[in-house]
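Residue numbering for the sequence shown follows this note's numbering, beginning at 435 and increasing consecutively. C-beta: ideal position from N, C-alpha, C; glycine also. Only a predicted model underlies this, so the values are computations on that prediction, with no experimental measurement involved.
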Amino acid sequence: MDDTFDLGGKVALVTGASRGIGEAIAKSLGAHGAHVVVSSRKAEACARVVSEIEQTGGRAEAMACHIGEPSQIADAMQRIEASCGRLDILVNNAATNPYFGPVVDADLGAFQKTVDVNIRGFFVASCAAAKLMQKNGGGAIVNVASISGVVPGPNQGIYSITKAAVIGLTKVFAAECATMGVRVNAVLPGITETRFTTALVEDEALLGHYLEHVPMRRVAQPSEIAGAVLYLVSPVATYTTGACLPVDGGYLVK
Ligand SMILES: NC(=O)c1ccc[n+]([C@@H]2O[C@H](COP(=O)([O-])OP(=O)(O)OC[C@H]3O[C@@H](n4cnc5c(N)ncnc54)[C@H](OP(=O)(O)O)[C@@H]3O)[C@@H](O)[C@H]2O)c1
435 MDDTFDLGGK VALVTGASRG IGEAIAKSLG AHGAHVVVSS RKAEACARVV
485 SEIEQTGGRA EAMACHIGEP SQIADAMQRI EASCGRLDIL VNNAATNPYF
535 GPVVDADLGA FQKTVDVNIR GFFVASCAAA KLMQKNGGGA IVNVASISGV
585 VPGPNQGIYS ITKAAVIGLT KVFAAECATM GVRVNAVLPG ITETRFTTAL
635 VEDEALLGHY LEHVPMRRVA QPSEIAGAVL YLVSPVATYT TGACLPVDGG
685 YLVK
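Right, here's the structure in full:
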């Protein structure tokens, strides 16, 4: 193993890791030696990812945790402390996007659900994780934001608002948690091929319009987002905190 990115002895929690970008992140951290807590709302959905990490020699466990429910986050942190004795890495990845349409017509229930998962969930998990990390000298948190947090996505106003908040949250936690030994960074993926984006990726006209604004003229694969996360949690990034790294084929350059 290349020890530049060695995560041996580290415990990592990845939310929303049963598929898509979270799955790729969990597998990458597992391949570099971390014990990975693979989490989503359904533990059984995470079991496949756990077994694939184990098949390649890694260590992982599945854990159910609905990020929109603060009590479930507290419970997950307690279970991790009890069984692993530590937490070194948190990747806040799970998010939701239930409403497509003009913000002025948005249903307040959809607004609240998006805020509860995409902002409050990241906030509550970060508070609990930072305190747990501090007990063993610190750690690293990576928040999966989005290019939509900088340039709002069409008909994705509420989602874009929450992703802008994740960028703000990253900077606040980076500043306040630095003396706890906890680094906090964000990645801002461009459109990435997952279930989240199936409708867009399969719509030739919509995809073509988006790609006109992407210098690399293609969407991302989940492993390309995972690579940026691996860098940010690894020993080579120990002086990096508060960074919001676009992984977007150049979209935000324009
Ligand atoms: N794909 C893109 O183009 C793109 C672009 C920019 C940013 N992002 C961001 O990347 C992250 C992952 O997106 P993705 O495309 O990989 O999505 P995805 O394929 O739909 O996967 C979402 C994951 O989150 C879990 N999840 C959903 N709601 C949850 C909740 N309330 N609590 C816990 N887990 C929950 C899902 O598992 P269960 O159903 O088992 O709970 C699943 O594991 C999100 O933060 C998204 O905003 C994606």
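Exercise. Could you name the residues of the same chain whose beta carbon sits closer than 6 Å to that of residue 555, not counting the 5 residues immediately before and after it, in chain order?
Key: 501, 502
Quiz item: So, using beta-carbon positions, are residue 656 and residue 496 closer together than 7 Å?
Solution: no
Quiz item: Alpha carbon to alpha carbon, how far is residue 645 from residue 628?
Solution: Near 16 Å, if we compare the C-alpha coordinates of residue 628 and residue 645.
Exercise. Could you check the C-alpha separation between residue 673 and residue 484 for me, to the nearest Å?
Key: 31 Å
Exercise. Report all residues from its chain with a CB closer than 6 Å to the CB of residue 591; omit the five preceding and five following residues, and keep chain order.
Key: 537, listed in sequence order.
Exercise. Confirm, please, whether the CB-CB distance from residue 522 to residue 573 is below 7 Å.
Key: yes
Quiz item: So the alpha helix (DSSP H) residue 661 belongs to, where does it begin and stop?
Solution: 656-667
Exercise. Measure how close the beta-carbons of residue 474 and residue 492 come, nearest whole angstrom, since I'm counting them as under 8 Å.
Key: At roughly 18 Å, the Cβ-Cβ gap does not stay under 8 Å, so residue 474 and residue 492 are not in contact.
Quiz item: Hey, would you say the C-beta of residue 502 is under 6 Å away from at least one heavy atom of ligand 1?
Solution: yes
Quiz item: Which residues share a DSSP beta bridge with residue 626?
Solution: 654
Exercise. Return the chain-ordered list of same chain residues with a C-beta closer than 6 Å to the C-beta of residue 648, the five sequence neighbours on each side being excluded.
Key: 683, 685
Quiz item: By a C-beta neighbour count over all protein chains shown, 10 Å radius and 16 as the cutoff for buried, is residue 469 buried or exposed?
Solution: buried
Quiz item: Which same chain residues, not among the five before or five after residue 597, have their C-beta less than 6 Å away from its C-beta?
Solution: 579, 580, 582, 583
Practice problem: Would you decide whether residue 654 is buried or exposed? Buried here means 16 or more other CB atoms lie within 10 Å of its CB. | Solution: buried
Exercise. Helix, strand or coil for residue 503, going by three-state DSSP, please let me know.
Key: coil
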